[in-house]
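Undergrad:
2 protein chains.
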Amino acid sequence: MSELAAKQASQGVRSPVGREGVLDVAAKLFREQGYGSVSLRKIAEAAGIKAGSLYYHFGSKDEIVAAVLDVGIQVVHDSMRQAVSALPEGTGAEASLHAAIGAHLRALLDVSDYTSANVRIFGQVPQSVRDANLPTRRAYEAEWDALLSRLQQEGALKSDVDIRHLRLMLIGALNATLDWFDPARGSAEALSRTYADVFLNGILERQDT
Amino acid sequence: MSELAAKQASQGVRSPVGREGVLDVAAKLFREQGYGSVSLRKIAEAAGIKAGSLYYHFGSKDEIVAAVLDVGIQVVHDSMRQAVSALPEGTGAEASLHAAIGAHLRALLDVSDYTSANVRIFGQVPQSVRDANLPTRRAYEAEWDALLSRLQQEGALKSDVDIRHLRLMLIGALNATLDWFDPARGSAEALSRTYADVFLNGILERQDT
DNA sequence: CCAGTTACCTAACAGTTGTTAGTTATGGTG
DNA sequence: CACCATAACTAACAACTGTTAGGTAACTGG
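Order-wise, the sequence lines are chains H and Z.
Numbering that gives the first Met the number 0 puts the first residue of the first sequence at 0, with every later residue one more than the last.
Numbering that gives the first Met the number 0 puts the first residue of the second sequence at 0, with every later residue one more than the last.
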């Protein structure tokens, strides 16, 4: 049950599904089935209302999916920012990156239907919806760029790697886990350790260490 | 113009679009617009015929998209196998991986609408179509696993990395480039150097080298 | 020259889609 | 009690979907 619905129910209101309940259900369906095969009637049925009723809360299907996309980025953004800023001052590059990667993967794989829906359907929605989501995306990307730049200025990262490129590579690799990750086979936590290690140290056997 | 169409035209035949021409056009549209928003009428129009005529060559829409998916994997598989097998015997891990990565990225970003369409729409098509494409996929994945295992047995790769996991991570990262790669900003060739270097050596600044 | 094959076209079908207009039931407020 | 906002419902629309049946023109082998 959504927070809003819970609050209203406790006030004795005949608990309506409401805008929030619709979004929760929509995010889940989009994550599971993709954009194209989720109709308004499917969303409505899963929410326990009729299709026409969706237009009380939203002006169009685009408006629903746009809301899901925005929340999806906000969740992972908050999660990542919080994880990094919670680190003690002077934390090394290794731990900082691991924290950021872990936060991203947890939001994507454990926590949020919104974030996974975003990653899954962003490439499937109409251009106009994608454009509407861009500012929110850019803010999250800037957070990553800031982190990576800081580590590079501290001399922890190679000076010849391009930050934008590295960020695209990193987030791309992380998001791709959504296609195959199986919680029964391993935790997001373990995954983030592996990913951080590969990106930081590579996979080549070395003489030193 | 497709090879078939060219051959037939040179024989004096009133050049039909044909099965091959339809697939070429379908692959391009799927790559550009995704699965859901490409209707049979759009494919037909782009091919210069009418929607109903598609059923002369194919039994259903699923059959069209399944054919595109299969060809997409075959192209990148052939490209990768050929690139690796062309290397002189005793080639090091670094060069081997770079060749494989380069072949994959070139098929994805430069060469084939089929391969890029596969990566783009695989997650959007009906379950049955995905299942039909699985054997072809597995063969390509096995090719990668064989390469990585060989390198690991030669002692070139760390012995504690899981091959399957590494392959998923690598191909996932490579495929993700499709979302942002802009040929005007850099070549697939240059990209493959960067990716190989990061995966092999990591991004951490080191005392040695 | 005729028969057959190839590759298309036309027209229509049943189902689904996003969307709209008008209606109704509920519960809090003056 | 009357009033009003909230959150639904019903029923229909035009457009579009994959698909099918039947027809037609062009080239090919006998």
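Beta carbons are placed, not taken as given, at the ideal position from N, Cα and C, and that holds for glycine.
Going by C-alpha distance, which of H:Gly17, H:Gly35 and H:Asn200 is nearest Ala116 of chain H?
TA: For the purposes of this step, residue 116 of chain H is taken as residue 117 along the first sequence, with counting starting at 1. Here the closest residue by C-alpha is H:Gly35.
Undergrad: In the DSSP output, what is Leu203 of chain H paired with across the bridge?
TA: Numbered from its first residue, the first sequence carries residue 203 of chain H at position 204. According to DSSP, Leu203 of chain H bridges with Z:Leu156.
Undergrad: Arg30 of chain H and Arg129 of chain H: beta carbons closer than 8 Å?
TA: By 1-based counting over the first sequence, the position of residue 30 of chain H is 31. By 1-based counting over the first sequence, the position of residue 129 of chain H is 130. No.
Undergrad: Comparing C-alpha positions only, which one of Z:Ile162, Z:Gln123, Z:Gly201 and Z:Gly122 sits nearest to Leu156 of chain H?
TA: By one-based count along the first sequence, residue 156 of chain H stands at place 157. Of the candidates Z:Ile162, Z:Gln123, Z:Gly201 and Z:Gly122, the one whose C-alpha sits nearest the C-alpha of Leu156 of chain H is Z:Gly201.
Undergrad: Where does Lys49 of chain Z fall in DSSP's three states?
TA: Counting from 1 along the second sequence, the entry for residue 49 of chain Z is found at position 50. DSSP places Lys49 of chain Z in coil when its eight states are reduced to three.
Undergrad: Alpha carbon to alpha carbon, how far is Pro125 of chain Z from Val64 of chain H? Give it in angstroms, no decimals.
TA: In the first sequence, counting from the first residue as 1, residue 64 of chain H sits at position 65. In the second sequence, counting from the first residue as 1, residue 125 of chain Z sits at position 126. Going by the C-alpha atoms only, they are around 21 Å apart.
Undergrad: Using C-beta distances below 6 Å, list every residue in its chain close to Asp112 of chain Z, excluding the 5 sequence neighbours before and after it, in chain order.
TA: Along the second sequence, read from residue 1 onward, the residue named residue 112 of chain Z stands at position 113. Hits under 6 Å: Ala26, Lys27 and Arg30.
Undergrad: Out of H:Asn174, H:Val83, H:Asp109 and H:Ser148, state which residue places its alpha-carbon closest to the alpha-carbon of Ala183 of chain H.
TA: As a working note, residue 183 of chain H is residue 184 in the first sequence. Checking every option, the nearest Cα to that of Ala183 of chain H belongs to H:Asp109.
Undergrad: Taking only beta-carbon positions, decide if Thr135 of chain H is within less than 8 Å of chain Z.
TA: Reading the first sequence from its first residue, position 136 is the one you call residue 135 of chain H. With 8 Å as the cut-off, Thr135 of chain H does not count as an interface residue toward chain Z.
Undergrad: Along chain H, which residues have their Cβ under 9 Å away from the Cβ of Leu39 of chain Z?
TA: Residue 39 of chain Z sits at position 40 when you count from the first residue of the second sequence. Those within 9 Å of Leu39 of chain Z in chain H number zero; the least Cβ separation is about 15 Å.
Undergrad: Taking only three categories from DSSP, how would you classify Leu86 of chain H?
TA: Within the first sequence, residue 86 of chain H is the residue found at index 87, counting from 1. In this structure, Leu86 of chain H counts as coil in the three-state DSSP scheme.
Undergrad: Nearest chain Z C-beta to Gly201 of chain H closer than 8 Å, yes or no?
TA: If you number the first sequence from 1, residue 201 of chain H lands on position 202. Chain Z contact via Cβ: present.
Undergrad: Note down the Cα distance separating Leu86 of chain H from Leu165 of chain Z, rounded to an integer number of angstroms.
TA: For the purposes of this step, residue 86 of chain H is identified with residue 87 of the first sequence, where counting begins at 1. For the purposes of this step, residue 165 of chain Z is identified with residue 166 of the second sequence, where counting begins at 1. Cα to Cα, the separation comes out at about 29 Å.
Undergrad: Between Lys60 of chain Z and chain H, is the shortest Cβ-Cβ distance under 8 Å, so that the two count as touching?
TA: Locating residue 60 of chain Z in the second sequence gives position 61, counting from the first residue. At least 8 Å separates the CB of Lys60 of chain Z from every CB of chain H.
Undergrad: Find the residues of chain H that neighbour Trp179 of chain Z, judging by a C-beta separation of less than 9 Å, and give them in chain order.
TA: Indexing the second sequence from 1 puts residue 179 of chain Z at position 180. Those are Leu167 and Gly171, listed as they occur along chain H.
Undergrad: Report, in whole angstroms, the separation of the C-beta atoms of Gln123 of chain Z and Gln123 of chain H, which I expect to be a contact under 8 Å.
TA: For this step, residue 123 of chain Z is matched to residue 124 along the second sequence. For this step, residue 123 of chain H is matched to residue 124 along the first sequence. 6 Å between Cβ atoms; contact.
Undergrad: How many whole angstroms separate the CB atoms of Ala82 of chain Z and Gly51 of chain Z, which I take to be in contact at a CB cut-off of 8 Å?
TA: Here residue 82 of chain Z corresponds to residue number 83 of the second sequence, with the count starting at 1. Here residue 51 of chain Z corresponds to residue number 52 of the second sequence, with the count starting at 1. Under the criterion of beta carbons closer than 8 Å, Ala82 of chain Z and Gly51 of chain Z do not qualify as touching, at roughly 42 Å.
Undergrad: Quick check on this structure: which residue in Z:Glu93, Z:Leu173, Z:Ile72 and Z:Asp144 has the alpha carbon closest to the alpha carbon of Val160 of chain Z?
TA: For the purposes of this step, residue 160 of chain Z is identified with residue 161 of the second sequence, where counting begins at 1. Out of Z:Glu93, Z:Leu173, Z:Ile72 and Z:Asp144, Z:Asp144 has the C-alpha closest to the C-alpha of Val160 of chain Z.
Undergrad: Taking the alpha-carbon of Ala94 of chain Z as reference, which of Z:Leu203, Z:Arg205, Z:Glu204 and Z:Thr193 has the nearest alpha-carbon?
TA: Position 95 of the second sequence, counted from the first residue, corresponds to residue 94 of chain Z. Closest by alpha carbon: Z:Thr193.
Undergrad: Apart from the five residues just before and just after Ala46 of chain H, which ones in its own chain have a Cβ nearer than 7 Å to its Cβ?
TA: By one-based count along the first sequence, residue 46 of chain H stands at place 47. Val16, Gly20, Val21 and Val24.
Undergrad: Can you name the residues of chain Z whose CB is closer than 7 Å to the CB of Val160 of chain H?
TA: Reading the first sequence from its first residue, position 161 is the one you call residue 160 of chain H. Here the neighbours are Ile202.
Undergrad: For a contact defined as C-beta to C-beta under 7 Å, what are the partners of Phe29 of chain Z on chain H?
TA: The residue given as residue 29 of chain Z occupies position 30 in the second sequence. None at all; the shortest Cβ gap to chain H is about 12 Å.
Undergrad: Give the C-beta separation of Ile72 of chain H and Thr135 of chain H to the nearest angstrom, bearing in mind that I take them to be a contact with Cβ-Cβ under 8 Å.
TA: The count along the first sequence starts at 1 and reaches residue 72 of chain H at position 73. The count along the first sequence starts at 1 and reaches residue 135 of chain H at position 136. Contact flag correct, Cβ pair sits at about 5 Å.
Undergrad: Any C-beta of chain Z sitting closer than 8 Å to the C-beta of Glu188 of chain H?
TA: In the first sequence, residue 188 of chain H corresponds to position 189, counting from 1. So no, Glu188 of chain H is outside the interface.
Undergrad: Does the Cβ-Cβ distance between Leu107 of chain Z and Val75 of chain Z come in under 8 Å?
TA: Against the second sequence, residue 107 of chain Z aligns to sequence position 108. Against the second sequence, residue 75 of chain Z aligns to sequence position 76. Result yes, Cβ atoms of Leu107 of chain Z and Val75 of chain Z sit closer than 8 Å.
Undergrad: Apart from the five residues on each side of it in sequence, which residues of its chain come closer than 8 Å, Cβ to Cβ, to Phe57 of chain Z?
TA: Stepping through the second sequence from its first residue, residue 57 of chain Z is reached at position 58. Excluding sequence neighbours, Phe57 of chain Z sits near Arg18, Val21, Ile63 and Ala66.
Undergrad: Report the option in H:Ile48, H:Gly33, H:Thr176 and H:Phe180 whose CA atom is closest to the CA atom of Leu14 of chain H.
TA: As a position in the first sequence, residue 14 of chain H is number 15, starting the count at 1. One detail in the question is off: residue 14 of chain H reads as Ser in this sequence, not Leu. The shortest C-alpha separation from Ser14 of chain H is found at H:Ile48.
Undergrad: Taking DSSP as the reference, what is the three-state secondary structure of Asp130 of chain H?
TA: Locating residue 130 of chain H in the first sequence gives position 131, where the first residue counts as 1. Three-state DSSP puts Asp130 of chain H in a helix.
Undergrad: Could you tell me the distance, in whole angstroms, from the CA atom of Leu147 of chain Z to the CA atom of Gly154 of chain Z?
TA: Here the question's residue 147 of chain Z lines up with position 148 in the second sequence. Here the question's residue 154 of chain Z lines up with position 155 in the second sequence. If I take the Cα positions, the gap works out to 11 Å.
Undergrad: Do you know how far the Cα of Tyr139 of chain Z is from the Cα of Ala4 of chain H?
TA: Working through the first sequence from its first residue, we reach residue 4 of chain H at position 5. Working through the second sequence from its first residue, we reach residue 139 of chain Z at position 140. Because the pLDDT at Ala4 of chain H is just 37, under 50, the model does not fix this residue reliably, and the point stays unresolved.
Undergrad: So is Lys157 of chain H in contact with chain Z if we call contact Cβ pairs under 8 Å?
TA: For this step, residue 157 of chain H is matched to residue 158 along the first sequence. Answer yes: the Cβ-Cβ gap between Lys157 of chain H and chain Z drops below 8 Å somewhere.
Undergrad: Between the C-alpha atoms of Glu188 of chain Z and Ala131 of chain Z, what's the straight-line distance to the nearest angstrom?
TA: Start at 1 with the first residue of the second sequence, and residue 188 of chain Z comes out as number 189. Start at 1 with the first residue of the second sequence, and residue 131 of chain Z comes out as number 132. Their backbone Cα atoms lie some 32 Å apart in a straight line.
Undergrad: Val21 of chain H lies in the alpha helix (DSSP H); which residues open and close that run?
TA: As a first step, residue 21 of chain H must be located in the first sequence, where it is residue number 22. Start and end: Gly17 to Gln32.
Undergrad: Using a C-beta to C-beta distance shorter than 8 Å, which residues of chain Z count as neighbours of Arg119 of chain H?
TA: Here residue 119 of chain H refers to the residue found at position 120 of the first sequence. Near Arg119 of chain H (Cβ distances below 8 Å), the residues of chain Z are Gly122.
Undergrad: Can you give me the C-alpha to C-alpha distance between Leu209 of chain Z and Glu44 of chain Z, rounded to a whole angstrom?
TA: One cannot answer for residue 209 of chain Z here, as it falls past the ends of chain Z, which runs 0 to 208.
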